[in-house]
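>
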Ligand SMILES: C[S@@+](CC[C@H](N)C(=O)[O-])C[C@H]1O[C@@H](n2cnc3c(N)ncnc32)[C@H](O)[C@@H]1O
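Numbering (the numbering used here), first residue to last: 1173 to 1400.
Given below as C-alpha cells:
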C-alpha cells in the first residue's frame, strides 16, 4: 500500500487482517485490534511497505494514561453522558469508544496519524459504537467540545506543546479537560489537580514489575508551565 495515499478503508482492512481482536487487559468488555506476539505489527508494516519502527504503532495498544481515563469513565459515567467528547491523541481511540459506550452524544478521535484514525474506526466498530475522526482540531472546532480527554500525550516535547495549547484553548472555552498520565517527563510539574488514581499495567511490563500509578487530573484554567 502506498503510504502517501490516505485510504482509510484499506488501512482498516489491513488492521483487521493483521491484528485480530482481543480484550483490553484489565478492562473487561472492551476489545481492540492489538499488537501482540502472535499478531505482529512487523507483518502489517511489511504490507504497508515500511518497518514496525517507522510505523510507530502507538495505536496498537492502550497506553497507561488512557487506561486510567477509561477506569475513570467507568467509575463516573456521568462525566461523558450526553456530552460532546474529544479524545485528543487518540491512538487506538478507546477513550472515545468507552465514552460512546457510556452514553456520550458524540466522540471525536483526534490524531495526525492516519493509521491511528483507521484503528479508532476499527475499534469503535468492534465495540458496536461509532466515533468521528479528525487529523487535527482547530480553535473553532473546540467551541462545541464539552469534555476533552488526553491520555498519555506528555511523552514527547513537541506533542506535549501542541497538546497543551489545545488543552488551554478548550479550558478557556469552558470545556472540562481531563488528563491521564503516569508522570511522563513533559507533564507540567504543578497546576493540575488529581481526581483519581488507578494501578495499571503497560504492554511489555514484566510480571515481576509493579503496576504503574496513573493519575486522572483536571487541567487548570491558568495555563501550566511545561518542563523545559
Ligand atoms: C502515546 S499515544 C496515546 C494514545 C492514547 N491516548 C492512549 O492513551 O492509549 C499518543 C498519540 O498522540 C498522537 N499525537 C501526536 N501528536 C499529536 C498532536 N499534535 N495532536 C494530536 N495527537 C497527536 C500520536 O499519533 C499518538 O497516537
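Just so it is clear, CB atoms sit at the ideal spot from N, CA and C, and this is done for glycine as well.
Going by DSSP, what residue range makes up the alpha helix (DSSP H) through residue 1193?
Premise fails: residue 1193 lies in the beta strand (DSSP E), 1193–1195, not in any alpha helix (DSSP H).
> Should residue 1243 be labelled buried (16 or more other beta-carbon atoms within 10 Å of its own) or exposed?
Classification for residue 1243: buried.
> Taking the alpha-carbon positions, what's the residue 1128 to residue 1324 distance?
There is no way to answer for residue 1128, as the model of the chain reaches only from 1173 to 1400.
> Given this structure, state the Cα-to-Cα distance separating residue 1183 from residue 1287, to the nearest angstrom.
Approximately 6 Å between the Cα atoms of the pair.
> Nearest-angstrom Cα distance between residue 1370 and residue 1348?
Using only the alpha carbons, I get a separation of about 20 Å.
> Report yes if the C-beta distance between residue 1281 and residue 1312 is below 7 Å; otherwise report no.
Against a cut-off of 7 Å, the Cβ pair of residue 1312 and residue 1281 comes out as no contact.
> What distance in whole Å lies between the Cβ atoms of residue 1314 and residue 1345, which are believed to be in contact at a cut-off of 8 Å?
Contact holds; Cβ gap of about 5 Å.
> What does the alpha-carbon distance come out to for the pair residue 1208 and residue 1330?
Looking at the two C-alpha atoms, the distance is approximately 28 Å.
> Answer yes or no: do residue 1279 and residue 1303 have a C-beta to C-beta separation smaller than 7 Å?
Cβ atoms of residue 1279 and residue 1303: closer than 7 Å.
> Is the CB-CB distance between residue 1206 and residue 1233 below 7 Å?
Result yes, Cβ atoms of residue 1206 and residue 1233 sit closer than 7 Å.
> Suppose you measure from the CA of residue 1353 to the CA of residue 1368; what does that come to, to the nearest Å?
Near 11 Å, if we compare the C-alpha coordinates of residue 1368 and residue 1353.
> In chain order, which beta strand (DSSP E) runs of at least 3 residues are fully inside the stretch 1263–1321?
Segments of the beta strand (DSSP E) lying fully in the stretch 1263–1321: 1278–1282, 1304–1306.
> Counting pairs of Cβ atoms below 8 Å between the stretch 1250–1258 and the stretch 1212–1232, do you hit three or more?
Flag = no, the stretch 1250–1258 and the stretch 1212–1232 do not touch.
> Since residue 1415 and residue 1386 are thought to touch, with beta carbons under 8 Å apart, how far apart are those beta carbons, to the nearest angstrom?
This structure does not reach residue 1415, given that the chain is present from 1173 up to 1400, and the question cannot be answered.
> Within a Cβ cutoff of 8 Å, which residues of the same chain sit near residue 1399, ignoring the five residues on either side of it in sequence?
Within the same chain, residue 1399 has close Cβ partners 1357, 1358, 1359, 1360, 1361.
> Give me, in chain order, the residues of the same chain whose beta-carbon lies closer than 7 Å to that of residue 1235; leave out the 5 immediate sequence neighbours on both sides.
Excluding residues within five positions, the ones whose Cβ falls inside 7 Å are 1263, 1323, 1324.
> Consult DSSP for residue 1237 and reduce its assignment to one of helix, strand or coil.
Helix, per DSSP.
> Contact check, residue 1199 vs residue 1260 under 8 Å by CB: the rounded distance?
With a Cβ gap of about 20 Å, residue 1199 and residue 1260 do not count as contacting.
> How far does the beta strand (DSSP E) with residue 1398 in it extend, from its first residue to its last?
Counting along the chain, residue 1398 falls outside any beta strand (DSSP E), and DSSP gives it neither H nor E.
> Give me the residue from 1214, 1216, 1294 with the minimum Cα distance to residue 1203.
That would be 1294, whose Cα lies nearest to the Cα of residue 1203.
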